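Residue numbering for the sequence shown follows my numbering, beginning at 169 and increasing consecutively.
The beta carbon of each residue, even a glycine, is placed where N, CA and C say it ideally should be.
Only a predicted model underlies this, so the values are computations on that prediction, with no experimental measurement involved.
Just below is one structure, and these are the notes that go with it.
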Amino acid sequence: MQKLSIVIPVYNEEQNLPELWGQIRAAVEPLGMPWDATFVDDGSRDGSVAVLRGLQVADPKHVRVVVLNRNYGQTAAISAGIDHSDGDIVVLMDSDLQNDPADIPNLLAELDKGYDVVSGWRKDRQDNALTRNLPSRWANWLISKVTGVELHDYGCTLKAYRREILDKVKLYGEMHRFIPVYAHAAGAKVGEIVVQHHARKHGKANYGLERIFKVILDLITVKFLMSYSKKPIYLFGGVGLILMAISVVVLLWLAIRRVAAGISVLGSPFFQISVMMFILGFLAILLGLIAELLIRTYYEAQGKPTYNVREVIQTK
């Protein structure tokens with residue numbers, strides 16, 4: 169029988185943890201499957217660690233606590249929880265009581281339909297409409313269009329994953345919201361269901377509008393890694409060829425204008441601009457070639473395959 173591991177990053181959620189633990193038990197115990205919960209304290213400055221220690225002492229079979237030595241951010245906390253858990257299925261959720269543990273059975277049921285990842289969609293989100301919900305809708309639309317993975321709610325932490333998919337995903341920076349994209353790139357089948365969302369009871373949100381700029385920068389990184397990490401020459405070489413082509417067109421125009429109207433080529437600012445564009449284009453192509461060498465060194469030196477195998481079907 170498969171084991172369920174629930175991973176919960178924690179940051180200053182002292183008041184929410186006891187109620188959250190009660191809700192998790194009520195939701196998971198009726199499933200009749202082995203399970204545990206890994207709480208990862210991400211450098212909390214309140215009494216969260218003390219509460220977590222109490223939960224672990226009260227139920228050592230089901231509670232694991234990982235305490236980080238400082239605040240590393242949600243992505244690092246999620247990575248630590250995944251690394252220290254051992255379930256065949258991993259469910260991620262927030263510790264602020266806005267995610268509802270009662271949705272976990274629904275995620276697992278959807279996972280049983282053949283999905284590798286099931287993402288929660290907070291369709292009726294209980295957050296500030298102007299500062300949280302509206303920017304989130306824009307961000308979700310943009311991420312879906314850029315990555316090709318159509319989800320309504322990338323920011324919802326409540327998601328279920330098969331362990332073999334998470335083992336193929338390495339997280340850095342603040343990339344936790346893009347786990348479904350990385351999983352899809354590794355060959356995962358991604359699904360989505362509507363989940364409940366509650367207004368925050370205690371504490372305050374740890375994110376503000378500044379997250380919009382971080383998401384945009386992270387999206388650029390993800391797009392590069394998904395589309396060009398194995399063939400960087402397509403990006404750098406493509407940009408270089410475009411710059412060089414524009415430069416050549418401008419120089420031809422300047423030459424024709426010189427012959428037809430007698431206007432000096434060297435006296436035009438477009439001459440200097442076109443020369444600089446040609447040089448930049450040439451350098452971009454060289455950078456792409458260097459990146460290609462680095463990619464080959466990366467894969468060959470570590471013996472990494474350039475593919476992932478889902479299964480092998482054969483008759484012995």
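Assuming the contact rule is C-beta atoms closer than 8 angstroms, residue i and residue j should be a hit. Round their C-beta distance to whole Å, please.
| i | j | result |
| --- | --- | --- |
| Arg426 | Val433 | 5 angstroms |
| Asn180 | Ser216 | 6 angstroms |
| Glu342 | Gly241 | 6 angstroms |
| Glu460 | Ile401 | 5 angstroms |
| Asn267 | Leu220 | Going by Cβ atoms, the distance from Asn267 to Leu220 rounds to 18 angstroms, so no, they are not a contact pair. |
| Thr243 | Leu339 | 5 angstroms |
| Ala328 | Leu279 | 5 angstroms |
| Leu223 | Val231 | 5 angstroms |
| Val285 | Ile174 | In fact, because the Cβ distance is near 16 angstroms, the residues do not count as touching under 8 angstroms. |
| Ser247 | Glu360 | With a Cβ gap of about 23 angstroms, Ser247 and Glu360 do not count as contacting. |
Using DSSP with H/G/I as helix, E/B as strand and the rest coil, what is residue i?
| i | result |
| --- | --- |
| Val433 | coil |
| Ala195 | helix |
| Asp204 | strand |
| Ala328 | strand |
| Pro400 | helix |
| Arg221 | helix |
| His344 | helix |
| Ile481 | Its pLDDT being 48, under 50, Ile481 is placed unreliably in this model, and the value from its coordinates should be taken loosely. Three-state result, Ile481: coil. |
| Arg232 | strand |
| Asp209 | strand |
| Val337 | coil |
| Arg238 | coil |
| Gly406 | helix |
| Leu319 | coil |
| Asp262 | coil |
| Gln370 | Before going on, a small fix: residue 370 reads as His here, not Gln. In the structure shown, His370 sits in coil (DSSP, three-state: anything other than H, G, I, E or B). |
| Arg464 | helix |
| Ile441 | helix |
| Arg293 | coil |
| Asp386 | helix |
| Gly456 | helix |
| Gly190 | helix |
| Ala354 | coil |
| Gly215 | coil |
Between which two residues does the beta strand (DSSP E) carrying residue i extend?
| i | result |
| --- | --- |
| Glu360 | Val358 to Val362 |
| Val286 | Val285 to Trp289 |
Could you check where the alpha helix (DSSP H) with residue i kicks off and where it finishes?
| i | result |
| --- | --- |
| Ala245 | Gln242 to His252 |
| Thr315 | Leu302 to Thr315 |
| Glu278 | Ile272 to Leu279 |
Identify, in the order they occur along the chain, each residue of the same chain with its Cβ nearer than 6 angstroms to the Cβ of residue i, setting aside the five sequence neighbours on each side.
| i | result |
| --- | --- |
| Val418 | Phe438 and Ser442 |
| Glu318 | Ser312 |
| Ala353 | Met394 |
| Trp306 | none |
| Trp189 | Leu223 |
| Ile453 | Gly405 and Gly408 |
| Leu185 | Val219 |
Enumerate in chain order the residues of its own chain whose CB-to-CB distance from residue i is below 8 angstroms, with the five nearest sequence positions on each side excluded.
| i | result |
| --- | --- |
| Met445 | Leu411, Met412, Ile414, Ser415 and Val418 |
| Lys171 | Met201, Pro202, Trp203, Asp204, Asp254, Gly255, Asp256 and Ile257 |
| Ala194 | Pro269 and Ala270 |
| Asp262 | Ile176, Pro177, Thr325 and Leu326 |
Going by DSSP, what residues sit across from residue i in a beta bridge?
| i | result |
| --- | --- |
| Ile257 | Leu172 and Arg330 |
| Asn267 | His365 |
| Pro177 | Val208 |
Near residue i, what residues of its chain come up, given a Cβ to Cβ distance below 7 angstroms and the 5 sequence neighbours on each side ignored?
| i | result |
| --- | --- |
| Leu457 | Ile401 |
| Val349 | Thr315, Val317, Val390 and Met394 |
| Ser212 | Val178, Tyr179 and Asn180 |
| Arg345 | Tyr322 and Gly323 |
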